[in-house]
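Only one structure is covered here, and it is reproduced in the block below.
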DNA sequence: TTGTTATAGTGAGCGCGTTCATATTGTAGG
DNA sequence: CCTACAATATGAACGCGCTCACTATAACAA
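Chains as they are written, first to last, in our numbering: chain A, 741 to 945; chain B, 741 to 945.
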């Protein structure tokens, strides 16, 4: 049964499309893989030939959206922005592309992007994290910081970024102004840290 | 079958004890509720009479530990500490009590304390979050900040705290110095923010 | 046209957390 | 002592994500 590459891509695309619809309708957890499979006209087993897990299926949509967001960002940014402005633009570009997925993103991002170490690594999530962090590092170095931010700083950045995502998934303010305020605040804090502003002596433990 | 209150408390205590052992041995996800029940000498159904979910069972241990950590903190703190030092002591006190649970805490904290909104709220997790945040607010006001930190600042605090917990669950450095550095950094950043240090103008969106 | 074969498709089945109809049993009233 | 009752215990059963032994078929060689 060697079906054409085209037929395979059609199956894959149909699964992603139908899954997105059902996720948006019923939420991620309430959607069953049997439901996705039958709606896509396939058996459950076949679904798992295309995506190794329900989580990976959802994360594929996220990865795609964030990739487009990064492209948008690279297209839009100009030379005149300072570091904080550019980071803000980068993050906002990602959120804009994630927008259609927002209704069901909570559980997906929580499980796949969590900084807690997992046994069952979802490779999509790890890859997405690394790609995002690389982009941030590149933005920072473009602004003339000679040393890349250290591991501790990037760990803090990821915590803050997850907080922004979490807040955003639930932000009902008219234009997500609340989320914008949180992003703004978080970025300023982060920029200050990597700028090496003295924040006091270390504590004894 | 009206068993005595004492017998009920014994069952409850035995479940918690045996569950902690098996979690520590095999990890949270690999431990089955059937396993916990039979090791405790009960049927599965009975286990769920005592705890509404496996997650709540684990979070009960966390809540207990953090409660003791807070008591330790209140007992130890002196008047001479500054805000950052006191916050550090508070967080470190919690981690010291969580220490025995560390081998299996990752998935538990990830699911129960996550800032992502959940349908299936684990009440233990939400209560623990609120209790921790209240304690932080109390510490801050003790240090003469007339206005309580706003919602955005506390949201950022929780993101940073989760990042510390996540990092700590996996920190293999000799005395968790890496975690100490992260806590130190994060607290200084947070204190700076609530001190109202000017961090630059807001961005246009 | 007719095998042959690699590839994709299938759904019964597994182990999980959790539920619920039913069985069991400690206690109180006659 | 017995009976009735309500609190507690029980484990078969459910629906879930996911697997795997098996079936079906598209494409090629003869």
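Glycine residues also receive a C-beta, built at the ideal position from the N, C-alpha and C atoms.
- By the CB criterion at 9 Å, residue 806 of chain A and residue 755 of chain A fall outside the cutoff.
- Interface annotation for the stretch 772-790 of chain B against chain A: empty, criterion Cβ-Cβ distance under 9 Å.
- Straight-line spacing of the CA atoms in residue 829 of chain A and residue 817 of chain A works out to 8 Å.
- In this structure, residue 848 of chain B sits away from residue 804 of chain B, with a CB-CB distance that is not shorter than 9 Å.
- Between residue 758 of chain A and residue 793 of chain A, the gap from beta carbon to beta carbon reaches 9 Å or more.
- Your pair residue 809 of chain B and residue 833 of chain B checks out as a contact, with CB atoms roughly 4 Å apart and the cut at 8 Å.
- Distances from the CA of residue 819 of chain A to each of A:863, A:879, A:766 were compared; the closest alpha carbon is that of A:879.
- For residue 774 of chain B, the CB contacts under 7 Å within the same chain, skipping 5 residues up- and downstream, are 784 in chain order.
- Scanning A:882, A:753, A:896, A:903 for the CA closest to the CA of residue 891 of chain B turns up A:903.
- In the DSSP annotation of this structure, the continuous segment of the alpha helix (DSSP H) that includes residue 875 of chain A starts and ends at 863-882.
- Within the stretch 889-929 of chain A, the runs of alpha helix (DSSP H) that reach at least 4 residues and sit entirely inside it are, in chain order, 891-909.
- Annotation for residue 771 of chain A: no alpha helix (DSSP H) segment contains it, and DSSP assigns it neither H nor E.
- Contact between residue 905 of chain A and residue 926 of chain A does not hold, since their C-beta atoms are separated by about 11 Å, which reaches or exceeds 8 Å.
- Chain A places no beta carbon closer than 9 Å to that of residue 757 of chain B, leaving this residue out of the contacts.
- In the three-state reduction of the DSSP assignment, residue 782 of chain A falls in the coil class, being assigned neither a helical nor a strand state.
- Counting along the chain, residue 807 of chain B sits inside the alpha helix (DSSP H) bounded by residues 794-816.
- Contacts with chain B (Cβ-Cβ distance below 7 Å) from the stretch 906-931 of chain A involve 906, 907, 909, 910, 920, 921, 922, 924, 925, 926, 928, 929, listed in chain order.
- For residue 846 of chain A, the residues of chain B that pass the 8 Å Cβ criterion are 856, 857, 858, in the order they occur in the chain.
- Straight-line spacing of the CA atoms in residue 776 of chain A and residue 825 of chain B works out to 52 Å.
- Taking a beta-carbon distance threshold of 9 Å, residue 851 of chain B counts as an interface residue toward chain A.
- Between the alpha carbons of residue 875 of chain B and residue 894 of chain B lies a gap of roughly 12 Å.
- The Cβ-Cβ distance between residue 856 of chain A and residue 850 of chain B falls below 9 Å.
- With 16 or more other Cβ atoms from the protein chains shown falling within 10 Å of its own Cβ, residue 928 of chain A counts as buried.
- The beta carbon of residue 885 of chain A sits closer than 7 Å to the beta carbons of 934 from its chain, once the five residues preceding and following it are set aside; these are given in chain order.
- Around the Cβ of residue 923 of chain A, a 10 Å sphere holds 16 or more other Cβ atoms; the residue is buried.
- For residue 762 of chain A, the uninterrupted alpha helix (DSSP H) segment begins and ends at 745-766.
- Pairing residue 912 of chain A with residue 752 of chain B, the inter-Cα distance amounts to about 41 Å.
- Under a 10 Å Cβ-count criterion, residue 846 of chain B is classified as buried, with 16 or more other Cβ atoms of the shown protein chains found around its own Cβ.
- For the set B:868, B:858, B:931, the Cα lying nearest the Cα of residue 801 of chain B is the one of B:868.
- In this structure, the CA atom of residue 831 of chain B is about 27 Å from the CA atom of residue 921 of chain A.
- Under a 10 Å Cβ-count criterion, residue 889 of chain A is classified as buried, with 16 or more other Cβ atoms of the shown protein chains found around its own Cβ.
- 9 Å or more divides the Cβ of residue 853 of chain A from the Cβ of residue 930 of chain A.
- Of all residues in the stretch 879-899 of chain B, only 892, 893, 895, 896, 898, 899 come within less than 8 Å of chain A when Cβ atoms are compared, listed by chain position.
- The beta carbon of residue 763 of chain A is closer than 6 Å to those of 771, 844 in its chain, skipping five residues each way along the sequence.
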